[in-house]
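Engineer: Just dropping this structure here.
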Amino acid sequence: MRKRTLPIDESNCQATRSVDEDDYVVVSFEHQHQLRRHLADHGPNTTPTSVSSAASGDEDEEPRYLAEISRIVDKLNQEFWPVNKKIHDNPEQGFQEYIAHEALTNFMESRAGWKVTRSAYGMDTAWVAVYDSGKVGPVISYNAEMDCLPGIGQACGHNLIASASVVGAVATAEIMKKHSLPGKIVLFGTPAEEGGGGKIKLLDAGAYSDYKCDVNLITHPGAVDDSALMRTTAYSGFKVEYFGREAHAAANPWLGINALDALITAYNSFSMLRQQCMAGDIIQGRITDGGIAPNIIHAYAAGHFVARAPTQARLLELKKKVDACFEAGALATGAKLKMTPLMNYKDHVPNQVMAKSYTRYFNRLNPPHLINPARDLLQGTTQASTDQGDVSYAMPSLSVGFSIDPGPTKQGPHNPEFAKAAGTKDAFDRACRAGKGLAGVALDLLCVEGMLDEVKKSWKESLTKY
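Numbering follows full-length UniProt numbering, with no gaps: position 307 of the sequence shown is 307.
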């Protein structure tokens, strides 16, 4: 992506505005007000921060708080490492993250100035930690995931996600305290990302609105290059059941209604639908109940199926075609159809303004891969799904990807080698690096005049695109 810059109009003190060729615009703000505030804080021989410079990924000037963030997180690295290992080495599935809940809330309660609520919003393992400066300002929220995958432990690296969010949030609060910055930090412990939709439950319970959160920050480890613009797919999981009538398959089969035939008909139609799927559409499934015995006309059959698409709007269109496949099975056999939704995740909508801010910090932290803004969206696009997508429809969300060494086969997430890799000190150090980047974004939002408005404007425009 190439950028052209409109010059400052000295006659009315309007700041520079940057226009990208993809029609994303950072609109100008009142430079005169910011200049007066900056001169009062820093004297006449320094340069004020603008929205465009704070959010630019290729700015030469070092971010104001970068060194301070690094010092704080490097200290936290030693303090939090045992907590990270405890979560990794004691993997717990969704809504059962009791060890992680205890370890994380104990740590947050040990930090001065934080108010911690355990077992929040009707979930035993959800929690909230709040640092309030006492001054009105932006409310920055972080999400900390905790749960594991069945049978293969922390193979999605949620211990690392929790680590990055905790060190990022604590570092932000420390700098707020030192420099008397206005605003509030809210850190959510979010259970059951792996199919349980813990963040959706928090959204539905009003957790994010209760704290008037302006934005939300999170990370995710992977075996790919680092990225600041993460796109995920919209997801719909559902159970299919057919109800027929038993009969002897040899003596009087004409008296039966074959539920398994209904499911097989639907399964074949579902499989053939792939030929007409658009790029980015994904449909998958399995038969969970195929009858009792071969000499019976089966009265019951069931399966579990999923559909994914690049956007929520496209998923709704795909789901209509998918549903028709299962309706056809019922029509062809006379069996009764029951479809039960299991879990729905929206696609993640990235935020350009926060991504540029993150890139500006992250690329100065000696990462294994520099984030290239021209390729960031391509590298950050995945066909996986997450309940962070639902958060991104409720407020501006920054979900960044950071690379870890996944092991000899270079696979992951969601395999045993990645689970082992997620427990290494190197992976934890990389999570802390990502946490530094999140803290940088949070401090830009707290300090840069007009940036939060631009984040929200970009978010609203992105929702119409996706």
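Glycine included, each C-beta is placed from N, C-alpha and C at the ideal position. Since the structure is predicted, the reported quantities are computational estimates derived from the model, not experimental observations.
Using the Cα positions of residue 292 and residue 157, report the straight-line distance between them to the nearest angstrom.
Structural biologist: Reading the sequence shown from its first residue, position 292 is the one you call residue 292. Reading the sequence shown from its first residue, position 157 is the one you call residue 157. Looking at the two C-alpha atoms, the distance is approximately 40 Å.
Engineer: Tell me which same chain residues have a C-beta within less than 7 Å of the C-beta of residue 68, skipping the five on either side of it?
Structural biologist: To locate residue 68, count along the sequence shown from 1; it is residue 68. 175.
Engineer: If you reduce the DSSP assignment to three classes, tell me which class residue 229 lands in.
Structural biologist: In the sequence shown, counting from the first residue as 1, residue 229 sits at position 229. If DSSP states are grouped into helix, strand and coil, residue 229 belongs with coil.
Engineer: Give the range of the alpha helix (DSSP H) segment to which residue 389 is assigned.
Structural biologist: Taking the first residue of the sequence shown as position 1, residue 389 is located at position 389. Element bounds for residue 389: 388-394.
Engineer: Is it buried or exposed for residue 440, if we count other Cβ within 10 angstroms and need 16 for buried?
Structural biologist: Here residue 440 corresponds to residue number 440 of the sequence shown, with the count starting at 1. Buried.
Engineer: Three-state secondary structure (DSSP) at residue 307?
Structural biologist: Locating residue 307 in the sequence shown gives position 307, where the first residue counts as 1. Note: residue 307 maps to strand in three-state DSSP.
Engineer: What is the DSSP secondary structure of residue 343, counted as helix, strand or coil?
Structural biologist: Taking the sequence shown and counting its residues from 1, one reaches residue 343 at position 343. Of the three classes helix, strand and coil, the one that applies to residue 343 here is strand, per DSSP.
Engineer: Cα separation between residue 329 and residue 210?
Structural biologist: The residue you call residue 329 lines up with position 329 of the sequence shown. The residue you call residue 210 lines up with position 210 of the sequence shown. Looking at the two C-alpha atoms, the distance is approximately 46 Å.
Engineer: Using only the alpha-carbon positions, how far apart do residue 320 and residue 270 sit?
Structural biologist: Here residue 320 refers to the residue found at position 320 of the sequence shown. Here residue 270 refers to the residue found at position 270 of the sequence shown. Cα to Cα, the separation comes out at about 12 Å.
Engineer: For residue 136, is the classification buried or exposed, using 16 other Cβ atoms within 10 angstroms of its Cβ as the cut-off for buried?
Structural biologist: Numbered from 1 along the sequence shown, position 136 holds the residue referred to as residue 136. With fewer than 16 other Cβ atoms within 10 Å, it is exposed.
Engineer: Can you tell me which of the three DSSP states residue 337 falls into?
Structural biologist: As a first step, residue 337 must be located in the sequence shown, where it is residue number 337. Of the three classes helix, strand and coil, the one that applies to residue 337 here is strand, per DSSP.
Engineer: What residue does the alpha helix (DSSP H) around residue 73 start on, and which one ends it?
Structural biologist: In the sequence shown, residue 73 corresponds to position 73, counting from 1. Looking at the DSSP string, the run of the alpha helix (DSSP H) that includes residue 73 is 66-89.
Engineer: How is residue 383 classed by DSSP in three states: helix, strand or coil?
Structural biologist: What you label residue 383 is simply residue 383 of the sequence shown in a count that begins at 1. Looking at residue 383 - three-state DSSP - the assignment turns out to be coil, as it is neither helix nor strand.
Engineer: Touching or not, the segment 260-277 and the segment 324-342, by the rule of three or more beta carbon pairs under 8 Å?
Structural biologist: yes
Engineer: For the beta strand (DSSP E) containing residue 284, list its first residue and its last residue.
Structural biologist: Your numbering for residue 284 matches position 284 in the sequence shown. For residue 284, the uninterrupted beta strand (DSSP E) segment begins and ends at 282-289.
Engineer: By Cβ distance, which residues of its chain are closer than 6 Å to residue 245, with the 5 residues on each side in sequence left out?
Structural biologist: In the sequence shown, residue 245 corresponds to position 245, counting from 1. 256, 257 and 299, listed in sequence order.
Engineer: Express the C-alpha separation of residue 400 and residue 347 in angstroms, rounding to a whole number.
Structural biologist: One-based indexing of the sequence shown puts residue 347 at position 347. One-based indexing of the sequence shown puts residue 400 at position 400. Using only the alpha carbons, I get a separation of about 14 Å.
Engineer: Report yes or no: do the segment 131-150 and the segment 177-188 share at least 3 C-beta pairs separated by less than 8 Å?
Structural biologist: yes
Engineer: Let me check understanding here. Comparing Cα to Cα, which of 447, 449, 432 and 120 lies closest to residue 218?
Structural biologist: Numbered from 1 along the sequence shown, position 218 holds the residue referred to as residue 218. When only C-alpha atoms are compared, the closest one is 432.
Engineer: Can you tell me where the alpha helix (DSSP H) holding residue 160 begins and where it ends?
Structural biologist: Numbered from 1 along the sequence shown, position 160 holds the residue referred to as residue 160. Element bounds for residue 160: 158-179.
Engineer: Should the segment 88-103 be regarded as contacting the segment 383-395, the criterion being three or more beta carbon pairs within less than 8 Å?
Structural biologist: no
Engineer: Whole angstroms is fine: what's the gap from residue 405's alpha carbon to residue 108's?
Structural biologist: On the sequence shown, position 405 is the one that residue 405 refers to. On the sequence shown, position 108 is the one that residue 108 refers to. Going from the Cα of residue 405 to the Cα of residue 108 covers about 29 Å.
Engineer: Which one of 111, 102 and 112 has the shortest CA to CA distance from residue 118?
Structural biologist: Within the sequence shown, residue 118 is the residue found at index 118, counting from 1. Considering only alpha carbons, the answer is 102.
Engineer: Count the C-beta pairs between the segment 421-435 and the segment 148-167 that are closer than 8 Å, then say yes if the count reaches three, no if not.
Structural biologist: yes
Engineer: I'd like the list of long-range same chain contacts for residue 309, defined as Cβ closer than 7 Å, with 5 residues on each side in sequence excluded.
Structural biologist: On the sequence shown, position 309 is the one that residue 309 refers to. Taken in chain order, the residues that qualify are 233, 234, 280, 281, 315 and 318.
Engineer: When you compare the CB positions of residue 335 and residue 398, do they come within less than 8 Å of one another, or not?
Structural biologist: For the purposes of this step, residue 335 is taken as residue 335 along the sequence shown, with counting starting at 1. For the purposes of this step, residue 398 is taken as residue 398 along the sequence shown, with counting starting at 1. Not closer than 8 Å, so no.
Engineer: Take residue 423 as the anchor and find which of 363, 168, 284 and 154 has the nearest alpha-carbon.
Structural biologist: The residue given as residue 423 occupies position 423 in the sequence shown. The shortest Cα separation from residue 423 among 363, 168, 284 and 154 belongs to 154.
Engineer: Report back the beta-carbon spacing between residue 455 and residue 186 to the nearest angstrom; my notes put them in contact at under 8 Å.
Structural biologist: Taking the sequence shown and counting its residues from 1, the one referred to as residue 455 is at position 455. Taking the sequence shown and counting its residues from 1, the one referred to as residue 186 is at position 186. Contact flag wrong, Cβ pair sits at about 16 Å.
Engineer: Can you check whether the CB of residue 207 is closer than 8 Å to the CB of residue 198?
Structural biologist: Here residue 198 refers to the residue found at position 198 of the sequence shown. Here residue 207 refers to the residue found at position 207 of the sequence shown. No. Outside cutoff.
Engineer: On the three-state DSSP scale, how would you describe residue 134?
Structural biologist: Walking along the sequence shown from the start, residue 134 turns up at place 134. Reduced to three states, the DSSP call for residue 134 is coil.
Engineer: Given a threshold of 16 other Cβ atoms within 10 Å of its Cβ, counted over all protein chains shown, does residue 449 qualify as buried or as exposed?
Structural biologist: The residue given as residue 449 occupies position 449 in the sequence shown. Buried, because 16 or more other Cβ atoms sit within 10 Å of the Cβ of residue 449.
Engineer: Taking residue 215 as part of the beta strand (DSSP E), name the residues at either end of that continuous run.
Structural biologist: The sequence position of residue 215 within the sequence shown is 215, counting from 1. Element bounds for residue 215: 215-222.
Engineer: Are the Cβ atoms of residue 436 and residue 73 separated by less than 8 Å?
Structural biologist: Mapped onto the sequence shown, residue 436 falls at position 436. Mapped onto the sequence shown, residue 73 falls at position 73. For residue 436 and residue 73, yes; Cβs fall inside 8 Å.
Engineer: What does the alpha-carbon distance come out to for the pair residue 229 and residue 361?
Structural biologist: Taking the sequence shown and counting its residues from 1, one reaches residue 229 at position 229. Taking the sequence shown and counting its residues from 1, one reaches residue 361 at position 361. About 14 Å.
Engineer: Quick one: give me the first and last residue of the beta strand (DSSP E) that residue 184 is part of.
Structural biologist: Taking the sequence shown and counting its residues from 1, the one referred to as residue 184 is at position 184. For residue 184, the uninterrupted beta strand (DSSP E) run begins and ends at 184-190, by DSSP.
Engineer: How far does the alpha helix (DSSP H) with residue 200 in it extend, from its first residue to its last?
Structural biologist: Taking the sequence shown and counting its residues from 1, the one referred to as residue 200 is at position 200. Run containing residue 200: 198-205, per the alpha helix (DSSP H) assignment.
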